[in-house]
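S.K.: I'd like to ask you about the structure that follows.
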Ligand SMILES: NC(=O)c1ccc[n+]([C@@H]2O[C@H](COP(=O)([O-])OP(=O)(O)OC[C@H]3O[C@@H](n4cnc5c(N)ncnc54)[C@H](O)[C@@H]3O)[C@@H](O)[C@H]2O)c1
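Residue numbers (the working numbering): 0 to 307.
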């Protein structure tokens, strides 16, 4: 398939691009490099340095592709609280620009990067796709709910195939967000540099960590599907954050002190996925156990710190 990946120079988009190329798809990456890196775009992919805001160019960039995997967005929750308009513009409005241009360019399929955040505070665990969407405590979450709604509307209006992937907590090599607000890269960096581990809630909250290579494979798994479909993409295992810290200590072979940061507003106490729907539809399942994924991520951060 000829696939255009928005945000393909980012953490997850570059992994998705690599898997697409391995599976012999023809890939174009569209990224404005506001947060991504040219060096992360795998060799073999066409690269367009461009912005989704560019309504005039979008149809020309899109023409000739069979599908779009739409990952370009701003992801930093705290910044979304202080700059809601920036998030509404880049995450929602630019997604609508993309959908409109796809429709005009005759691209009939989108895979959209959504998030488990759309469920808010879940009523039941594990979370199923049929569970209700929750109230959002920040504009980032609101941008994911809104964009899901626009993607679904394009399915209704123009019969666009719309595969919505709700990621749980991705982690792995190449996570280079600045600032980094995610737990695993911050823990690993602190452990390698022998600094205290910054920990909220005493590490008692529970998350479902999904290794980035597993997550990337979910995108190619759904490419052949039709219609409007929603899928949770998780490992189906809830892990306490303190247990992740213990595993990282085990991988590096020593412990560093814990910096207890107390409670943090807006954090949901526990989330983990029921992912049997995507398994039944495509055969996809998470394969990399947390311990192996952490070891691979520690290796990658070590190499990076040595080479800096
Ligand atoms: N990382 C997570 O924990 C997580 C969890 C759930 C969902 N997601 C979603 O997955 C997607 C990818 O996340 P990531 O962690 O790889 O983030 P990332 O910041 O590493 O990648 C996003 C990429 O999009 C590009 N981009 C942003 N705005 C753009 C624009 N207007 N035009 C062109 N390119 C633009 C950036 O330069 C960057 O390369 C996002 O949509 C995010 O909301 C991420």
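Glycine included, C-beta positions come from ideal geometry on N, C-alpha and C. Just so we're clear, the structure is a prediction, and the values are computed from it rather than from any experiment.
1. With a cut-off of 8 Å on the beta carbons, I'd call residue 271 and residue 211 a contact; round off their distance for me.
2. DSSP three-state call for residue 89: helix, strand or coil?
3. Mind checking whether the beta-carbon of residue 50 lies closer than 8 Å to any heavy atom of ligand 1?
4. Less than 9 Å between the C-beta atoms of residue 137 and residue 85, yes or no?
5. If contacts are defined as beta-carbon pairs under 8 Å, then residue 71 and residue 37 qualify, I think. What distance do you get, rounded to the angstrom?
6. So, are the CB atoms of residue 220 and residue 167 less than 9 Å apart?
7. Whether or not the segment 200-207 and the segment 93-102 are in contact is what I'm after, with contact meaning three or more pairs of Cβ atoms, one per stretch, closer than 8 Å; do they touch?
8. Is residue 130 near ligand 1, in the sense that its beta carbon is under 8 Å from a heavy atom of that ligand?
9. Residue 234: beta carbon under 8 Å from a heavy atom of ligand 1?
10. Tell me which residues share the same chain as residue 199 and place their Cβ nearer than 6 Å to its Cβ, disregarding the 5 neighbours each side in the sequence.
11. Looking only at DSSP bridge pairs, what is residue 48 linked to?
12. Hey, how far is the Cα of residue 125 from the Cα of residue 273?
13. For the alpha helix (DSSP H) holding residue 303, just list the boundary residues, first then last.
14. Could you tell me which uninterrupted beta strand (DSSP E) segments, each at least 3 residues in length, are contained entirely in the segment 208-272, listed from first to last along the chain?
15. Under 8 Å: does the beta carbon of residue 143 sit that close to some heavy atom of ligand 1?
16. Does the structure place the segment 178-198 close enough to the segment 245-259 that three or more beta carbon pairs sit under 8 Å?
17. Are the CB atoms of residue 143 and residue 89 within a distance shorter than 9 Å?
18. Distance check for residue 60 and residue 53, CA to CA, integer angstroms please.
19. Please specify which runs of the beta strand (DSSP E), each continuous and at least 3 residues long, are wholly inside the segment 144-218, giving them in chain order.
20. Could you name the residues that DSSP lists as bridge partners for residue 66?
21. What separation, rounded to the nearest whole angstrom, lies between the Cα atoms of residue 105 and residue 284?
22. Three-state secondary structure (DSSP) at residue 74?
23. With a threshold of 8 Å, establish whether the CB of residue 5 neighbours any heavy atom of ligand 1.
24. The alpha helix (DSSP H) with residue 134 in it runs from where to where?
25. Candidates 190, 268 and 56: which alpha carbon is nearest residue 301's?
M.R.: From the atom records:
1. Numbered from 1 along the chain shown, position 272 holds the residue referred to as residue 271. Numbered from 1 along the chain shown, position 212 holds the residue referred to as residue 211. 18 Å between Cβ atoms; not a contact.
2. Counting from one through the chain shown, the residue named residue 89 turns up at place 90. Residue 89: helix per DSSP, three-state reduction.
3. Within the chain shown, the letter at position 51 stands for residue 50. True, at least one ligand heavy atom lies under 8 Å from that Cβ.
4. Taking the chain shown and counting its residues from 1, the one referred to as residue 137 is at position 138. Taking the chain shown and counting its residues from 1, the one referred to as residue 85 is at position 86. At least 9 Å separates the beta-carbon of residue 137 from that of residue 85.
5. Taking the chain shown and counting its residues from 1, one reaches residue 71 at position 72. Taking the chain shown and counting its residues from 1, one reaches residue 37 at position 38. So it is not a contact: roughly 15 Å between Cβ atoms.
6. Position 221 of the chain shown, counting from 1, holds the residue named residue 220. Position 168 of the chain shown, counting from 1, holds the residue named residue 167. The Cβ atoms of residue 220 and residue 167 do not sit closer than 9 Å to each other.
7. no
8. Against the chain shown, residue 130 aligns to sequence position 131. Every heavy atom of ligand 1 is 8 Å or more from the Cβ of residue 130, so no.
9. Stepping through the chain shown from its first residue, residue 234 is reached at position 235. Checking every heavy atom of ligand 1 against the Cβ of residue 234, none is found closer than 8 Å.
10. For the purposes of this step, residue 199 is taken as the residue at position 200 of the chain shown. Within the same chain, residue 199 has close Cβ partners 260 and 263.
11. Numbered from its first residue, the chain shown carries residue 48 at position 49. The partner list for residue 48 (beta bridge, DSSP) reads 30.
12. For the purposes of this step, residue 125 is taken as residue 126 along the chain shown, with counting starting at 1. For the purposes of this step, residue 273 is taken as residue 274 along the chain shown, with counting starting at 1. Approximately 5 Å, taken between the alpha carbons.
13. Counting from 1 along the chain shown, the entry for residue 303 is found at position 304. Counting along the chain, the alpha helix (DSSP H) containing residue 303 begins and ends at 289-306.
14. 208-210, 227-232 and 257-261
15. Residue 143 sits at position 144 when you count from the first residue of the chain shown. Yes, the Cβ of residue 143 comes within 8 Å of a heavy atom of ligand 1.
16. yes
17. On the chain shown, position 90 is the one that residue 89 refers to. On the chain shown, position 144 is the one that residue 143 refers to. The answer is no: Cβ separation not under 9 Å.
18. The residue you call residue 53 lines up with position 54 of the chain shown. The residue you call residue 60 lines up with position 61 of the chain shown. Approximately 10 Å between the Cα atoms of the pair.
19. 160-166, 168-170, 196-199 and 208-210
20. On the chain shown, position 67 is the one that residue 66 refers to. The partner list for residue 66 (beta bridge, DSSP) reads 2.
21. For this step, residue 105 is matched to residue 106 along the chain shown. For this step, residue 284 is matched to residue 285 along the chain shown. When rounded, the separation of the alpha-carbon atoms in residue 105 and residue 284 is 32 Å.
22. In the chain shown, the residue the question calls residue 74 occupies position 75. If DSSP states are grouped into helix, strand and coil, residue 74 belongs with coil.
23. The sequence position of residue 5 within the chain shown is 6, counting from 1. Indeed, a heavy atom of ligand 1 lies less than 8 Å from the Cβ.
24. Here residue 134 refers to the residue found at position 135 of the chain shown. Looking at the DSSP string, residue 134 is not in any alpha helix (DSSP H), and its letter there is neither H nor E.
25. Residue 301 sits at position 302 when you count from the first residue of the chain shown. The shortest Cα separation from residue 301 among 190, 268 and 56 belongs to 190.
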